[in-house]
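What the sequence shown shows, in the working numbering, is residues 218 to 562, in sequence order.
Glycine is no exception: its CB is placed at the ideal position from the N, C-alpha and C atoms.
A short write-up of the structure that comes next.
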Amino acid sequence: MTLPLRRALPSIVLVGALMLGTTGCIAGENASANDDAAAGESGSWSTDTLSIDFATYNPLSLVVKDQGLIEKALGDDVTVEWVQSAGSNKANEFLRSGSVDVASTAGSAALLARANGSPIHVIDIFSQPEWSALVVPADSTITSVADLKGASIAATPGTDPYFFLLQALETAGLSVADVQVQNLQHADGRAALESGAVAAWAGLDPIMAAAESESDAKLLYRNVDFNSYGFLNATEEFVTDHADVAQVVVDAYEEARTWALAHPDETAQLLASVAGIDPAVATTVITERSNLDVSGIPGEAQLAVLRKIAPVLVESGSVQGGDDAVQKALDEIVDDRFARDALDD
């Protein structure tokens with residue numbers, strides 16, 4: 218579902234927001250959980266609607282939605298609209314169009330979007346996952362990345378699996394020009410792999426874990442360092458004009474993290490239900506490939522990973538402004554104040 222654009226970004230807001238550094242000052246920067254509570258009691262929230270995504274690659278979003286954490290905090294004065302993102306590329310499309318205020322992506326996808334002019338900030342970290350790998354069918358004769366030269370590979374451009382593919386190819390002295398990339402959404406990539414339409418797939422959990430379990434698909438190449446963190450992103454308009462509600466969202470995420478770490482089995486069951494996968498597969502995703510026990514505060518740890526990915530983005534031709542645009546995005550993308558407030562309370 219694509220919701221209509223509900224707000225236009227005034228140029229004065231855009232100019233002010235672009236002046237924001239990682240600790241910049243914009244309207245509402247001192248918003249806190251206590252301010253949120255007062256706003257809720259007085260019915261004076263800065264907006265009457267919040268549009269936010271949920272995604273099976275973001276387990277905390279499922280907990281937040283299932284438990285109604287945001288709705289409980291905002292009360293009846295704010296209508297919460299939930300939109301499902303099928304991948305980071307779709308989440309970025311929603312953010313760019315203004316049809317959502319907050320959405321979850323891989324860090325690499327957020328950097329790409331920001332470098333290409335999408336005015337977003339990362340406001341919370343939801344996981345440090347190993348959610349991407351290169352996958353081949355059970356009966357494949359391909360045994361190394363080098364064997365993929367000339368092969369047809371399913372991938373979703375603008376997502377972590379796609380950037381994982383680029384980095385993996387580089388380890389074998391190959392580039393994207395040496396393979397045939399089939400632009401398919403993640404679930405369609407799995408279907409293409411299993412039908413024999415492609416020789417390999419740049420996979421994403423939990424779909425990838427399901428393919429392993431149900432179809433005996435093999436992980437050809439894994440490298441946890443090629444996976445970027447899970448980013449919770451918001452538009453500049455939203456964090457500028459609705460800092461009080463942004464704080465509620467991040468507070469809810471941190472509450473969900475605490476619950477998920479204490480209830481891994483229930484979190485896996487929730488993932489299984491939403492994703493339509495076997496509970497055992499969901500358990501693998503939650504316990505083995507989704508490190509939720511990380512600080513929600515975005516900062517140097519995430520930027521260090523993005524700096525490694527940045528040259529890959531530039532060399533692939535994915536960034537219109539090249540090195541300068543990527544560096545500008547790295548300088549501007551982090552807004553850590555909401556996560557810091559959430560963890561201070």
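**Residue(s) in a DSSP beta bridge with Glu298** = DSSP, once it has assigned bridges, lists Ser268 as partnering Glu298.
**Message:** If I follow the unbroken alpha helix (DSSP H) through Tyr470, where does it start and stop?
**Reply:** 460 to 479 is the span of the alpha helix (DSSP H), which, as asked, contains Tyr470.
**Request:** Please list, in chain order, all residues of the same chain as Asp548 whose beta carbon is under 6 Å from its beta carbon, the five residues on each side excluded.
**Result:** So the list is empty, once near-sequence residues are dropped.
**Request:** Using the Cα positions of Ala460 and Ile287, report the straight-line distance between them to the nearest angstrom.
**Result:** Approximately 14 Å between the Cα atoms of the pair.
**Prompt:** Counting along the chain, where does the alpha helix (DSSP H) carrying Asn309 start and finish?
**Reply:** Judged by DSSP secondary structure, Asn309 falls within the alpha helix (DSSP H) whose first and last residues are 305 to 314.
**Prompt:** CB Ala330 to CB Ile337, shorter than 8 Å?
**Reply:** Against a cut-off of 8 Å, the Cβ pair of Ile337 and Ala330 comes out as a contact.
**Asked** When DSSP labels each residue in this structure, what does Gly164 get in the three-state scheme?
**Response** Only positions 218 to 562 of the chain appear in this structure, which leaves residue 164 out of reach.
**Asked** Of the choices Asn306, Ser430, Ser344, whose alpha-carbon is the least far from that of Pro276?
**Response** Ser344 is the residue among Asn306, Ser430, Ser344 whose C-alpha sits nearest the C-alpha of Pro276.
**Prompt:** Looking only at DSSP bridge pairs, what is His338 linked to?
**Reply:** Under DSSP, His338 takes part in a beta bridge, and its partners are Ala451.
**Message:** So, with DSSP's three-state summary, where would you put Pro528?
**Reply:** In the three-state scheme derived from DSSP, where H, G and I count as helix and E and B as strand, Pro528 is classed as helix.
**Message:** Given this structure, state the Cα-to-Cα distance separating Asp433 from Glu453, to the nearest angstrom.
**Reply:** Each residue's alpha carbon lies about 43 Å from the other.
**Request:** Please report the Cβ distance between Thr273 and Ala492, rounded to the nearest whole angstrom; I am assuming they are in contact, meaning their Cβ atoms lie under 8 Å.
**Result:** Confirmed, about 4 Å.
**Request:** Taking Ala372 and Leu382 to be in contact with their CB atoms under 8 Å, please state how far apart those CB atoms are, rounded to whole angstroms.
**Result:** Your pair Ala372 and Leu382 checks out as a contact, with CB atoms roughly 5 Å apart and the cut at 8 Å.
**Item:** Buried versus exposed, by CB contacts within 10 Å (16 or more), Thr504
**Value:** Exposed is the call here.
**Asked** What residue from Ala389, Lys435, Gln402, Asp356 has the CA that sits closest to Pro374's CA?
**Response** Nearest C-alpha to Pro374 among Ala389, Lys435, Gln402, Asp356: Gln402.
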